[in-house]
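Spelled out as structure tokens, the structure:
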């Protein structure tokens, strides 16, 4: 449905997006995750025709954004970052304005209005002035305007930033519902937000894509490591080092000597599980294993690990 | 075409939902009325020519004020990102906004017709043809100044800057004719042809020459084209 092909954007000397490529399929909710300034908004702006790529292209159902931007803009609904609105307009007028540009008038507009009002739960505010609405409602107005033509593709730039926890849950549920029949691409710099809403996560860092997959895939990625916490009686540092030499693939992260026991943290690659070897080794050495617990690196660790270094350029 | 109309309606609505348009119309009518009637009784003639000399001066400040927010406001609000990512050409956005600004100017110009109606009822020997061409000239001049205003509005997201740049450009057109004596003789012809005053005076005399119409049309077209280019340039920032 959407194919991003070696897309790059330079702002002067700063490379905001560096030759990224990915594809998005129909009826998929995809999270575009990255720290502030990672290049998320720049990428979305290129996908919607607000900015032109320095190199590369965006293909939507066979059309490309450089030559057929109007065709692509007809097919997508876009909610820009910070959700800019005309405060002096009435909600109804604003939605009508969007509908008219999309060629939806008369009876069709009435039907479209009813649909978005129900979908975005905006009953009761349709005749209000936008400037008088709460932030949560404003977000829905922005979403409703982006959905007025029932697009197959929705691109939402930070759709829940600045909302209170209840509003976040509501918008999240709405996006999940929309994802059943549309392709939704939403960006965020907050991992929990993305994790709670989407099926697939694309992590961008310093203008490059550093991860792409479901959260399970990202966790079980070969880069993912598991930590094994042990508390052992009758062992000392030397014998732990001997164990490490015996069992390949493990590293000792920490070692603490307690009164009668030692606490050891090992780390190993997810591709193999050394717990049985550790247990057998302990038995053969006559150690008493007081505790053994494995903890997988969670998505947050992975996100932090992937997006740690470097300085932010443009958003 | 329907996109131009949609943008036009949106702009016109935003003029009239704020007090700005009403304040503008009232002040425009008062200022013109004051300066017109001030000298009117001294001349003691049922003649509207003095009005046609006053309105261009009032335009100098009023038109940049009306048009300063047309695009700069969208930039500062961030809504430019919304309208430029809708399936609508930049050219249509510019034309729609321009026509909305021009409509307000024409309505303002229409308020001065009260003087014509007064003269028509109480005056003697009015040259209706001259009044008509005088108004035509003012409408065309309003068209040029509004195009300049839309252009300067596209350059910045600050309305005050847009206003000042607008006045500066409009002044250049206005003063060209008056500064002719400082211009080398070889350039005088070109400078004179570039000035709005030169073409306006032809029309105000009652002569509708295609050369003058072409001049006004091309200046308007030039500034609207440049505005479109400025809007498109955001893509390559």
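Chains as they are written, first to last, in this note's numbering: chain A, 35 to 349; chain B, 206 to 442.
We treat Cβ as the ideally placed atom computed from N, Cα and C, and that holds for glycine.
Candidates the options: closest to residue i by CA position
| i | options | result |
| --- | --- | --- |
| residue 231(B) | 357(B), 215(B) and 312(B) | 312(B) |
| residue 338(A) | 272(A), 52(A), 223(A) and 271(A) | 223(A) |
| residue 170(A) | 202(A), 341(A), 148(A) and 249(A) | 202(A) |
| residue 302(B) | 283(B), 412(B), 256(B) and 214(B) | 214(B) |
| residue 97(A) | 261(A), 110(A), 85(A) and 89(A) | 110(A) |
| residue 436(B) | 257(B), 207(B), 298(B) and 384(B) | 298(B) |
| residue 106(A) | 294(B), 277(B), 267(B) and 272(B) | 294(B) |
| residue 332(A) | 320(A), 304(A) and 45(A) | 304(A) |
| residue 298(A) | 282(A), 334(A), 271(A) and 35(A) | 271(A) |
| residue 311(A) | 281(A), 286(A) and 61(A) | 281(A) |
| residue 206(B) | 134(A), 154(A) and 35(A) | 134(A) |
| residue 320(B) | 237(B), 221(B) and 423(B) | 237(B) |
| residue 385(B) | 288(B), 289(B) and 398(B) | 398(B) |
| residue 422(B) | 357(B), 347(B), 393(B) and 438(B) | 347(B) |
| residue 340(B) | 218(B), 407(B), 441(B) and 222(B) | 407(B) |
| residue 273(B) | 291(B), 287(B) and 216(B) | 216(B) |
| residue 194(A) | 77(A), 230(A), 301(A) and 83(A) | 230(A) |
| residue 161(A) | 173(A), 251(A) and 129(A) | 129(A) |
| residue 204(A) | 220(A), 173(A) and 274(A) | 173(A) |
Neighbourhood of residue i by C-beta distance below 7 Å, restricted to the same chain and skipping five residues each side
| i | result |
| --- | --- |
| residue 388(B) | 396 |
| residue 242(A) | 52 and 54 |
| residue 240(B) | 259 |
| residue 278(B) | 364 |
| residue 228(A) | 65, 67, 222 and 235 |
| residue 244(B) | 255 |
| residue 414(B) | 407 |
| residue 443(B) | There is simply no residue 443(B) to check, as chain B begins at 206 and stops at 442 in what is shown. |
Alpha-carbon to alpha-carbon, residue j and residue i
| i | j | result |
| --- | --- | --- |
| residue 50(A) | residue 350(B) | 39 Å |
| residue 278(A) | residue 114(A) | 53 Å |
| residue 208(A) | residue 264(A) | 44 Å |
| residue 233(A) | residue 262(A) | 29 Å |
| residue 335(A) | residue 69(A) | 14 Å |
| residue 256(A) | residue 44(A) | Bear in mind that the predicted position of residue 256(A) carries a pLDDT of just 48, short of 50, making it unreliable; the figure below should be weighed with that in mind. Approximately 32 Å, taken between the alpha carbons. |
| residue 438(B) | residue 330(A) | 49 Å |
| residue 247(A) | residue 361(B) | 42 Å |
| residue 291(B) | residue 75(A) | 17 Å |
| residue 102(A) | residue 177(A) | 24 Å |
| residue 181(A) | residue 334(B) | 54 Å |
| residue 426(B) | residue 381(B) | 20 Å |
| residue 266(A) | residue 294(A) | 9 Å |
| residue 138(A) | residue 247(B) | 59 Å |
| residue 90(A) | residue 233(B) | 52 Å |
| residue 166(A) | residue 108(A) | 30 Å |
| residue 300(A) | residue 286(A) | 5 Å |
| residue 149(A) | residue 223(B) | 30 Å |
| residue 401(B) | residue 370(B) | 18 Å |
| residue 316(B) | residue 229(B) | 11 Å |
| residue 355(B) | residue 379(B) | 17 Å |
Sequence-distant residues of the same chain with beta carbon closer than 6 Å to residue i, five excluded per side
| i | result |
| --- | --- |
| residue 300(B) | 209 |
| residue 95(A) | none |
| residue 290(A) | 297 |
| residue 36(A) | 58 and 94 |
Coil, strand or helix - residue i by DSSP
| i | result |
| --- | --- |
| residue 360(B) | coil |
| residue 233(B) | helix |
| residue 239(A) | strand |
| residue 434(B) | helix |
| residue 141(A) | helix |
| residue 334(B) | helix |
| residue 272(B) | helix |
| residue 285(A) | strand |
| residue 377(B) | helix |
| residue 39(A) | strand |
| residue 112(A) | strand |
| residue 292(A) | coil |
| residue 216(B) | helix |
| residue 260(A) | strand |
| residue 372(B) | helix |
| residue 201(A) | helix |
| residue 61(A) | coil |
| residue 324(A) | strand |
| residue 351(A) | Outside the shown range of chain A, which is 35 to 349, sits residue 351(A), and nothing can be said about it. |
| residue 259(B) | helix |
8 Å CB neighbourhood of residue i in its chain, flanking five on each side removed
| i | result |
| --- | --- |
| residue 61(A) | 213, 214, 215, 216 and 217 |
(request) Determine, using beta-carbon pairs with one atom in the segment 188-201 of chain A and one in the segment 136-153 of chain A, whether at least three such pairs fall under 8 Å. (result) Short answer: they don't touch.
(message) Three Cβ pairs or more, each shorter than 8 Å: is that satisfied between the segment 198-215 of chain A and the segment 116-131 of chain A?
(response) no
(request) Would you check if the segment 323-338 of chain B and the segment 237-252 of chain B touch, i.e. whether three or more CB-CB distances between them fall below 8 Å? (result) Cβ pair count under 8 Å is three or more, so yes.
(message) Under 8 Å, with one C-beta from each stretch per pair, do the segment 264-271 of chain B and the segment 315-326 of chain A reach the 3-pair mark?
(response) no
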